[in-house]
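Add 1162 to the 1-based position in the sequence shown for this note's numbering, that's all there is to it.
The structure appears below as structure tokens.
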Amino acid sequence: MLGLSVATVILLLGAFLATMRQGRDRRAARPAPVQPAAPVPAPVATPTFIDPRTFRVGDRIEVHGAPWRVLGALHVSWQGQQWTEYFIEDSLRRYQWLSVEVRHGLASGDAPHLEVLLWTEVPTQGMVPAKSMLIMEGVEFFPIERGTAAFKAEGEASGHPERGLLDFADYRAADGRLLSFNRVQGSQWTAAYAHPLPPGSVSLLARAS
């Protein structure tokens, strides 16, 4: 009887240990939980440095690291010179003009260079461009060019007609700041300040579709 009881205990203990081992094996075989994939960041537009004279209406551009959109353009010609003035809008719906022109050196042999200007409008308070030095906000500006140019507009060019004549008068201060008066013939004079932008500060973000 004692031998039978011992044998029974040994069998029961063996069955219990086998059951525990199978449970551990099943737990070990469970697949590890799948970690959620990291979100893929949205693509970011990379600026492309191209000739700003090739900008088109509807293009998204970058000026000094800030995004703008080209709403319209004026293609201007005067005494053999040609330049383009882009009407642009930023994300806050602020509007400015960006002019692009090939400038030729004053001295013979000077290489032509591309001049890009971002204009900021200033109140004229009824002023008209003088043919001599004028003072604007305490700064002396001296005349450099004036005349009447022909233009052709495309897109939304701040209310300009499709074609017309543009009177302008340009001035420069001792610190290099530029002042320009202009008007479509028959309208009021407006004025704006500008500094030449350094090379590479204007680039293309995306072409118009």
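Ideal placement from N, C-alpha and C gives every residue a C-beta, glycine not left out.
The structure displayed is predicted, hence computed values, not measured ones.
Could you name the residues of the same chain whose beta carbon sits closer than 7 Å to that of residue i, not counting the 5 residues immediately before and after it, in chain order?
i: L1280; result: V1225, Q1258, L1260, A1356, L1359
i: E1318; result: L1233, G1234, F1249
i: D1187; result: Reliability fails at D1187, whose pLDDT of 47 lies under 50, so the model's placement of it is uncertain and the value that follows must be treated cautiously. Result list for D1187: empty, nothing under 7 Å.
i: S1253; result: P1229
i: G1338; result: H1357
With burial defined as no fewer than 16 other Cβ atoms inside 10 Å of the residue's Cβ, what is the status of residue i: buried or exposed?
i: P1323; result: exposed
i: F1211; result: exposed
i: V1262; result: buried
i: I1297; result: exposed
Give the DSSP bridge partners of residue i, in chain order.
i: V1262; result: T1246, V1278
i: D1221; result: For D1221, which the question treats as bridged, DSSP gives no partner whatsoever.
i: R1345; result: D1329
i: D1252; result: W1230
i: S1113; result: Past the edges of the chain, shown from 1163 to 1371, lies residue 1113, and the structure says nothing about it.
i: R1308; result: A1331
Looking at residue i: is its Cβ nearer than 8 Å to the Cβ of residue j?
i: R1334; j: L1340; result: yes
i: T1286; j: A1353; result: yes
i: L1366; j: P1229; result: no
i: V1219; j: E1283; result: no
i: E1251; j: R1231; result: yes
i: Q1347; j: D1329; result: yes
i: V1238; j: F1313; result: yes
Report the rounded CA-to-CA distance for residue i versus residue j, giving the unit in angstroms.
i: R1255; j: V1278; result: 22 Å
i: S1371; j: F1217; result: 13 Å
i: P1274; j: D1213; result: 14 Å
i: A1336; j: N1344; result: 21 Å
i: M1375; j: P1305; result: With the chain covering only 1163 through 1371, there is no way to say anything about residue 1375.
i: Q1244; j: V1264; result: 8 Å
i: D1221; j: S1363; result: 16 Å
i: S1294; j: A1311; result: 20 Å
i: P1291; j: E1299; result: 14 Å
i: S1342; j: R1325; result: 21 Å
i: R1369; j: W1240; result: 29 Å
i: R1215; j: P1361; result: 14 Å
i: G1242; j: S1320; result: 25 Å
i: I1223; j: L1276; result: 17 Å
Suppose the cutoff is 6 Å on Cβ atoms and the five residues either side in sequence are ignored; what does the same chain contact list for residue i look like?
i: E1308; result: The sequence shown places Arg at residue 1308, rather than the Glu named in the question. Answer for R1308: A1331, listed in chain order.
i: G1227; result: none
i: H1266; result: P1274
i: L1236; result: E1247, F1313, A1315, A1319
i: V1301; result: A1335
Can you check whether the C-beta of residue i is within less than 8 Å of a C-beta belonging to chain C?
i: F1211; result: Absent from the structure: chain C. Only one protein chain is present.
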